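This report refers to the structure that appears directly beneath it.
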Amino acid sequence: MPSTPAIDQLLEGLNQPQRDAVTHPEGPLLVLAGAGSGKTRVLTHRIAWLVHTERARAGEILAITFTNKAAQEMRERVELLLGRSTRAMWVMTFHAACARILRAEAPRLGYTRQYTIYDQADARRLVKRCLDDINADSKRFTPAAVLNQISDAKNRLRSAEDLGQMVGGYFEQTVAECYRLYESELIRMNAMDFDDLLMRTVNVLELFPEVRARYAAAFRHVLVDEYQDTNHAQYRLLQLIAAEHRNLLVVGDEDQSVYSFRGADIQNILGFQDDFPEATTIRLEQNYRSTQVILDAANAVISRNRGRLGKTLWTDLGEGDPIRIRELEDEYAEGRYVVGEIDRLVDEGVSLSEIVCFYRTNAMSRVLEDTLTRREIPYQVVGGTKFYERAVVKDAIAYLTTLTNPQDAISFARCVNVPKRGIGQTSLAKVRTHADTVGISIWDAAADPGAVPGLGTAAVRALERFMTTMAGLREKVRDGVPVGDLLEAVLHETGYVEALEAERTFEAQGNLEILEQLVEVGREFDARAAGAEGDTLDLFLQQVALVADADTRQDDEGLVTLMTLHNAKGLEYPIVFMVGLEEGVFPHSRALDEGGLEEERRLCYVGITRAMRELTMTFARRRNVFGAATPGLPSRFLAEIPPDLVDEDSRPSSAGPAMRATTWSSSQSSGSAGASTGGAVDYRMGDDVVHPAFGDGVVTGTESGGIVVVRFAKDGSERKLMAEYAPLAKR
DNA sequence: CGTAAATGTTTTTTT
DNA sequence: AACATTTACG
9 MPSTPAIDQL LEGLNQPQRD AVTHPEGPLL VLAGAGSGKT RVLTHRIAWL
59 VHTERARAGE ILAITFTNKA AQEMRERVEL LLGRSTRAMW VMTFHAACAR
109 ILRAEAPRLG YTRQYTIYDQ ADARRLVKRC LDDINADSKR FTPAAVLNQI
159 SDAKNRLRSA EDLGQMVGGY FEQTVAECYR LYESELIRMN AMDFDDLLMR
209 TVNVLELFPE VRARYAAAFR HVLVDEYQDT NHAQYRLLQL IAAEHRNLLV
259 VGDEDQSVYS FRGADIQNIL GFQDDFPEAT TIRLEQNYRS TQVILDAANA
309 VISRNRGRLG KTLWTDLGEG DPIRIRELED EYAEGRYVVG EIDRLVDEGV
359 SLSEIVCFYR TNAMSRVLED TLTRREIPYQ VVGGTKFYER AVVKDAIAYL
409 TTLTNPQDAI SFARCVNVPK RGIGQTSLAK VRTHADTVGI SIWDAAADPG
459 AVPGLGTAAV RALERFMTTM AGLREKVRDG VPVGDLLEAV LHETGYVEAL
509 EAERTFEAQG NLEILEQLVE VGREFDARAA GAEGDTLDLF LQQVALVADA
559 DTRQDDEGLV TLMTLHNAKG LEYPIVFMVG LEEGVFPHSR ALDEGGLEEE
609 RRLCYVGITR AMRELTMTFA RRRNVFGAAT PGLPSRFLAE IPPDLVDEDS
659 RPSSAGPAMR ATTWSSSQSS GSAGASTGGA VDYRMGDDVV HPAFGDGVVT
709 GTESGGIVVV RFAKDGSERK LMAEYAPLAK R
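As numbered in the working numbering, the first sequence has no gaps in its residue numbers, which increase by one up to the final residue, 739.
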């Protein structure tokens with residue numbers, strides 16, 4: 009029997025709970041998977057098992073992952089297990105699945121199949137325009153903040169009307185008004201933002217029962233990874249699709265929920281048993297990744313959180329090395345320390361690809377990058393300025409978008425005068441107004457520039473030339489020219505490449521190389537999509553719009569990896585550095601303001617549990633924030649790690665107080681922490697002081713850890729300074 | 001209309 | 001400090 013050994017193979021090496029999850033017969037299943045407990049294995053083996061035992065055909069499986077990269081990896085692993093293609097399987101992110109459903113169903117909502125997907129920058133630009141249109145006070149209503157509010161509403165499946173009807177003050181009503189206009193603008197331009205992809209899919213499924221029935225029947229088995237990070241729209245989507253077969257398998261860990269700012273609702277995983285009373289729950293608590301010391305530290309930190317389902321990780325990998333905590337002078341010393349350690353590790357035979365450095369915010373990567381570059385250590389940054397967010401790439405994409413979606417005024421505006429063609433803001437505004445008044449698309453208005461009132465003859469001629477070029481390119485789109493060739497044609501016929509070449513700068517050269525990469529991406533897409541139907545350009549644009557920075561990570565390269573803690577989820581590295589463990593940085597001050605301490609702690613838990621063998625955490629006494637030196641105290645998370653797990657000796661920074669890992673939490677209460685610095689001055693409320701940068705001030709308070717609060721006369725600002733280190737003097 | 005200077009904004013995290 | 005947007009001027 010050929011099937012028996014294969015099934016054995018599928019279950020081989022799995023522990024009992026993993027095996028139970030993989031062979032779960034039918035019905036809802038909740039897998040609470042601690043960090044490093046092999047949840048990806050469970051998911052891949054489960055899918056393979058379903059197909060292999062003919063409980064589902066490939067096309068009946070919908071598997072949701074958090075990133076495109078994870079989807080791709082999952083697909084590859086399932087293919088390896090099954091030994092056959094998984095093309096019919098839906099293995100993708102929520103957003104990609106929704107985009108795909110909407111490509112088929114969006115016409116029911118008044119969109120065309122060629123709808124544009126706006127990224128956050130596009131969306132913000134549009135919100136800004138809407139705010140201007142409704143004359144909102146630009147001081148109180150920043151586009152980013154309002155877009156956040158709109159995004160929150162959409163993630164809760166609330167329409168602009170819903171929001172307007174809810175009682176609320178002036179602020180809420182203005183947001184609702186902006187939302188209403190923003191929404192009608194999106195529809196007019198045949199565009200959706202990221203949140204729309206989810207909400208519109210839910211709309212389609214709710215409004216058209218026959219559509220819902222079709223997808224609900226099609227997906228016999230639905231599997232969801234990182235369930236703790238789903239928001240309400242995603243939750244509702246799963247209910248609509250999975251309520252029938254009830255074969256919903258969700259895998260998650262409430263301790264790793266770190267996306268509440270994106271609307272993720274931890275209640276989704278905490279309440280799964282209430283939603284599906286017949287659900288089975290399986291816990292995976294054996295960790296196959298980290299040493300016991302690392303797990304003990306992680307367990308100790310996360311145990312401070314409330315409202316957990318509760319689980320304790322264990323391993324049989326042995327104790328391992330203690331966690332190293334290091335105090336550095338500033339972020340440069342921190343960078344030098346980390347890079348020095350990397351050097352040492354490399355000498356010991358460690359591969360660069362085994363090393364990762366995590367930080368709280370993207371901006372913190374720069375110092376590390378500089379230091380690595382100086383020491384000539386190759387590295388990769390995951391996140392930061394993403395390929396598809398580079399201005400040149402967005403320009404090129406805007407051209408393609410304009411060609412396929414002529415209603416998209418944002419993309420049109422982006423490319424119409426790049427390179428410079430003499431069609432500036434004033435002319436563009438006239439065209440736009442004309443289009444709005446007559447009720448035609450911006451493309452149609454521009455196609456007949458003579459009819460636009462008040463447009464100068466030079467602008468008319470420029471527009472005519474531009475539109476002739478674009479019309480020619482549109483012919484190519486109609487003829488089904490491959491994406492790679494089309495991109496090439498666009499870049500040359502519009503004069504884009506020539507303009508860059510004429511610049512003759514180092515930067516322009518780099519941009520040209522980036523564009524070559526983009527053309528290459530197009531060609532690769534063509535190669536893979538060969539034989540598909542005619543509208544490959546739309547598919548390409550859809551795919552490009554949903555690429556995330558986490559997807560750009562490379563493995564098996566001789567590169568050190570740098571990334572934010574948020575990007576770290578789901579990954580593991582033998583050697584982990586966590587930098588910037590300072591109050592205000594991590595936990596981030598803004599998160600603290602919003603009551604997000606527990607989420608910050610979960611983020612810390614995620615970081616710690618990425619480490620397999622060695623974990624080093626650093627903090628700096630001084631850090632430049634917004635270009636100004638800011639004193640820092642060790643993060644409270646450091647004090648939450650039991651002292652006996654920490655290596656306390658060999659402080660790299662000779663200067664400064666000899667704070668021990670075990671003592672900094674207690675020493676914070678004494679006014680002059682650390683003691684050993686000479687000349688520590690006691691400040692009292694009301695003392696007149698002077699600061700070289702901020703000028704004269706008066707002490708308005710003192711806080712634990714040797715912090716004085718000073719109000720400065722010059723700008724009336726109140727600042728917290730560390731009495732010991734700040735260049736502050738009594739008068 | 002385009003350039004350069006001034007001004008404002010940003011840094012929390014992302015599909 | 002870095003970058004985007006707005007303003008002033010040629």
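Note that CB positions come from ideal geometry on N, CA and C, so glycine has one too. All figures in this text were calculated on a predicted structure; none of them were measured in a lab.
Measuring only the C-alpha atoms, how far is residue i from residue j?
{"i": "Arg621", "j": "His596", "result": "27 angstroms"}
{"i": "Ser159", "j": "Cys612", "result": "26 angstroms"}
{"i": "Arg473", "j": "Thr502", "result": "10 angstroms"}
{"i": "Ala417", "j": "Thr409", "result": "10 angstroms"}
{"i": "Phe594", "j": "Gly391", "result": "18 angstroms"}
{"i": "Val754", "j": "Glu362", "result": "This structure gives no information on residue 754, because the portion of the chain shown stretches from 9 to 739."}
{"i": "Val50", "j": "Val30", "result": "6 angstroms"}
{"i": "Met475", "j": "Ser419", "result": "14 angstroms"}
{"i": "Val697", "j": "Ala636", "result": "19 angstroms"}
{"i": "Glu62", "j": "Thr288", "result": "22 angstroms"}
{"i": "Glu20", "j": "Thr52", "result": "13 angstroms"}
{"i": "Leu231", "j": "Met97", "result": "12 angstroms"}
{"i": "His500", "j": "Glu515", "result": "19 angstroms"}
{"i": "Asn255", "j": "Arg344", "result": "52 angstroms"}
{"i": "Val309", "j": "Ala131", "result": "38 angstroms"}
{"i": "Asp652", "j": "Leu641", "result": "21 angstroms"}
{"i": "Ala112", "j": "Thr73", "result": "22 angstroms"}
{"i": "Asp452", "j": "Leu481", "result": "16 angstroms"}
{"i": "Ala71", "j": "Glu356", "result": "41 angstroms"}
Starting from residue i and walking both ways along the beta strand (DSSP E), at which residues does that stretch end?
{"i": "Gln388", "result": "Tyr387 to Val390"}
{"i": "Glu622", "result": "Ala619 to Ala628"}
{"i": "Gly260", "result": "Leu256 to Gly260"}
{"i": "Val232", "result": "His229 to Val232"}
{"i": "Pro639", "result": "Ala636 to Pro639"}
{"i": "Thr124", "result": "Thr124 to Tyr126"}
For residue i versus residue j, is the C-beta distance shorter than 8 angstroms?
{"i": "Thr617", "j": "Ser265", "result": "no"}
{"i": "Ala168", "j": "Arg188", "result": "yes"}
{"i": "Ala78", "j": "Gly615", "result": "no"}
{"i": "Asp142", "j": "Glu193", "result": "One detail in the question is off: residue 142 reads as Ile in this sequence, not Asp. For Ile142 and Glu193, no; Cβs fall outside 8 angstroms."}
{"i": "Ile290", "j": "Pro25", "result": "yes"}
{"i": "Leu213", "j": "Leu171", "result": "no"}
{"i": "Ala64", "j": "Arg228", "result": "yes"}
{"i": "Cys1", "j": "Leu570", "result": "There is simply no residue 1 to check, as the chain begins at 9 and stops at 739 in what is shown."}
{"i": "Glu124", "j": "Asn198", "result": "It is worth fixing the name first, because residue 124 is Thr in this sequence and not Glu. Result yes, Cβ atoms of Thr124 and Asn198 sit closer than 8 angstroms."}
{"i": "Glu252", "j": "Ala225", "result": "yes"}
{"i": "Pro461", "j": "His442", "result": "yes"}
{"i": "Val439", "j": "Ile448", "result": "no"}
How far does the alpha helix (DSSP H) with residue i in it extend, from its first residue to its last?
{"i": "Glu84", "result": "Asn76 to Leu90"}
{"i": "His53", "result": "Lys47 to His60"}
{"i": "Ala459", "result": "Run containing Ala459: none; DSSP gives neither H nor E here."}
{"i": "Tyr243", "result": "His240 to Ala250"}
{"i": "Thr409", "result": "Ala399 to Thr412"}
{"i": "Gly348", "result": "Glu339 to Asp355"}
{"i": "Ser373", "result": "Ser373 to Arg382"}
{"i": "Pro33", "result": "Looking at the DSSP string, Pro33 is not in any alpha helix (DSSP H), and its letter there is neither H nor E."}
Where DSSP assigns a beta bridge to residue i, which residues make up the other side?
{"i": "Met100", "result": "Ile72"}
{"i": "Asp655", "result": "Arg332"}
{"i": "Leu38", "result": "Val258 and Thr289"}
{"i": "Asp696", "result": "Val706"}
{"i": "Phe366", "result": "Met571 and Met586"}
{"i": "Asn632", "result": "Ala637"}
{"i": "His596", "result": "Gly592 and Val593"}
{"i": "Lys738", "result": "Val697"}
{"i": "Pro642", "result": "Glu590"}
{"i": "Glu272", "result": "Before going further, note that residue 272 is Ala rather than Glu in the sequence given. DSSP, once it has assigned bridges, lists Asn239 as partnering Ala272."}
Output the residue ranges of the beta strand (DSSP E) runs that lie fully inside the stretch 135–206 and measure 3 residues or longer, sorted by chain position.
199–201
Taking only runs of the beta strand (DSSP E) that begin and end inside the stretch 563–588, which ones reach a length of at least 3 residues, in chain order?
568–572 and 581–586
Contiguous alpha helix (DSSP H) assignments of at least 4 residues, all confined to the stretch 276–320
280–283 and 300–310
Quick one: which unbroken alpha helix (DSSP H) runs of 4-plus residues sit fully inside the stretch 416–504? Chain order, please.
417–424, 433–446, 450–455, 465–486 and 491–501
Which residue spans inside the stretch 504–549 form an unbroken beta strand (DSSP E) run of at least 3?
none
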